[in-house]
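So for the sequence shown, the working numbering puts the first residue at 69; every next one is plus one.
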Amino acid sequence: MTLLLPLFIVLPLFAACLAGAFFWLKKPGAELLTNLVAAALFAAAVGLYFFRPFNTLMIYDLSGWLPPGGSHLILDGLSHLHILVANFVAWLVALYSVAYMRKYTNRTGYYALLLLLVTGINGVILTGDFFTLFIFLEIAALSAYALVAFGNRRAEIEAAFKYLILGETASLFILIGIGLVYATTGTYDMAKVSQSFPADASAVKAAILVLFLAGFGMKAALVPFHAWLPDTHASAPSPISALLSGVIIKTLGVYALIRILYNVFGMTGQLSLVLMVLSGVTIILGGLLSIGQNDIKRLMAYSSISQIGIIVAGLSLGSPLGIMGGIFHSFNHALIKPMMFFNAGAIYRATGTRDIRKMGGLFFRLPVVSASSIVGSLAISGLPPFNGFWSKMFVIVAAAQTGNLFLAMVIAIGSILTLASYLIFLTGAIFGRPNGEVNERTPWLIALPIVILAGCCFAVGLFVPFISQYLLNPAVVSVFNGTGYGKLMGGN
């Protein structure tokens, strides 16, 4: 079954090339191709749960490729969870795009870029070396820049340019860090680096970690590296905003940090403290900035910043419950926030505005969107019985257990700020006095992904023990392999 691992990269890459050919030949078919490929990748991710022995590694050897010392594609509990979530969201984005993107002229180019983006995301999740990590990181980033600017309007181009400048600055930090890793160890292979990094090179190691923290922190939109996110989310087409918030910032940022800090170099007390401070500031600032936003997509963007802070807070604690809570909240955020951006897109299509002040009374006029917006608002605010309650509770309890009561209070305050911002949205847009016209009902291809995600938010909240046993526990085990990751991979 290890042959399935390169499928997650080769299939969307080949499909992207095929969609590009459709574009140049001015032929239809890219839309259907993208949906079939996305569905196949999600099915493969689900299927692997039945074929991969519990808590074991699946390794596909890439020896002989460009990186000195060879490379691997790796599927463990952590990468499996992320490959499952990423391709689930990508499938729903492809489905949603069928109806939403009909107003755009160059849809074939859009689907080619979307497939290329999925290629990069899957590559980042599965790769076992720094060399190909950077290549896939850039494939995903360049595709995302182009997709943000896809509408070709001034605001979209400006947002994409800001994203490009800050994103490539982050990539430069990461590239310098990778260069220092190779100069110090003579290999790009993460497993070998974890076993062979010289004990007397502590200053170099500190410099590498600072560079990686800055680079991947910027990719994740941690404060103070968050400036690109609000404009990017507001300007991108709604399905791309959903993928950015639900998958990209966590895969290109948080997931990569977990791999590097825990599996390659090992978490330290100093790193934990730095991450706690950054996460606390991110939670509060993101929550404060979300209040008073009149643009629903900017509100959701600032909310995403706050939620990233909660994810990193859990990871910073270093305890099993804290790690589980951080990963669980990342999982939940990948279900909640795409649904909310899908809703924002549906509202914009129906009303022609993203300004909450120009909406109102949508509950009876857009019932599916309104009901799911209520579910998403309660879930992201951490209210029971929805999924967001449990992941936030895990992190808060873990913070209290490890003596970090102040961090627990910060998370609770951040959740209150999130609730306040979404109550403004609900009272103004969903339950407010009718204001403006609703030009269309929600098409079923837009409603279906929304309903699926709303159902997931409810179901995950009900089946937390099942989710913990079969999805979260294997991921936590993979994180706590720490530097033993190298021994499992055969590092010397």
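Cβ atoms here follow ideal geometry from the backbone N, Cα and C, with glycine treated the same way.
query, result
"Separation of residue 274 from residue 440, as counted between CA atoms", "45 Å"
"Assigned secondary structure, residue 126 (DSSP; H/G/I helix, E/B strand, else coil)", "strand"
"Which of helix, strand or coil DSSP assigns to residue 299", "helix"
"Identified DSSP bridge partners for residue 391", "Residue 391 is not bridged to any residue."
"Nearest-angstrom beta carbon gap, residue 177 and residue 91 [assumed within contact, 8 Å]", "5 Å"
"Minimum length 3: unbroken beta strand (DSSP E) runs contained in the stretch 264 to 296", "none"
"Other residues of its chain near residue 183: CB distance less than 7 Å, five sequence neighbours each side excluded", "80, 83, 84, 87, 102 and 105"
"Three-state secondary structure (DSSP) of residue 102", "helix"
"DSSP three-state assignment for residue 81, whether helix, strand or coil", "helix"
"Beta-bridge pairing of residue 143 - partner residues as DSSP gives them", "126"
"Top-ranked residue by Cα proximity to residue 488, from 511, 451 and 521", "451"
"Start-to-end residues for the alpha helix (DSSP H) that takes in residue 40", "Residue 40 cannot be examined here, being either before or after the span of the chain that is shown, 69 to 560."
"Close beta carbons around residue 535, own chain, < 7 Å, minus the five adjacent residues each side", "528"
"Beta-carbon contacts of residue 245 that lie in its chain and below 7 Å, excluding the five residues immediately before and after", "276, 279, 280 and 283"
"Spatially closest choice to residue 361 from 492, 151, 201 and 110, by CA coordinates", "492"
"At least 3 beta-carbon pairs within less than 8 Å: the stretch 503 to 517 vs the stretch 459 to 471", "no"
"Euclidean distance between Cα positions of residue 271 and residue 472", "28 Å"
"Residues near residue 436 in its chain [Cβ-Cβ closer than 6 Å; skip 5 each side]", "510 and 515"
"Runs of alpha helix (DSSP H) wholly within the stretch 433 to 509 (minimum 4 residues, chain order)", "435 to 448, 455 to 469 and 473 to 493"
"beta-carbon residue 548 near the ligand ZN non-hydrogen atom, thresh 8 Å", "Absent from the structure shown: the ligand ZN. Ligands present: none."
"Among 145, 394, 260 and 130, nearest to residue 139 - alpha-carbon criterion", "130"
"Residues near residue 294 by beta carbon distance below 6 Å, same chain, minus five either side", "373"
"Spatially closest choice to residue 229 from 238, 202 and 217, by CA coordinates", "217"
"Beta-carbon proximity of residue 190 to residue 258, cut-off 9 Å", "no"
"Residue 307 - containing alpha helix (DSSP H), residue span", "306 to 311"
"Cβ pair residue 475, residue 348 closer than 9 Å", "yes"
"Presumed contact (8 Å Cβ cut-off) between residue 480 and residue 385, rounded CB distance", "In fact, because the Cβ distance is near 15 Å, the residues do not count as touching under 8 Å."
"Alpha carbon of residue 542 to alpha carbon of residue 146, nearest angstrom", "7 Å"
"Pick from 333, 291, 222 and 209 that is closest to residue 260, judged by C-alpha positions", "333"
"Alpha-carbon to alpha-carbon, residue 549 and residue 572", "There is simply no residue 572 to check, as the chain begins at 69 and stops at 560 in what is shown."
"Length of the line joining the Cα atoms of residue 559 and residue 242", "Any reading at residue 559 needs caution, since the residue's pLDDT is 47, under 50, leaving its predicted position unreliable; the model's value is listed next. Answer to the nearest angstrom: the Cα atoms are 23 Å apart."
"Of the residues 181, 206, 352 and 263, the one placed nearest residue 321, counting alpha carbons only", "206"
"Nearest candidate by alpha-carbon position, reference residue 112, set 71, 470 and 99", "71"
"Cβ neighbour criterion (16 or more within 10 Å) applied to residue 233", "exposed"
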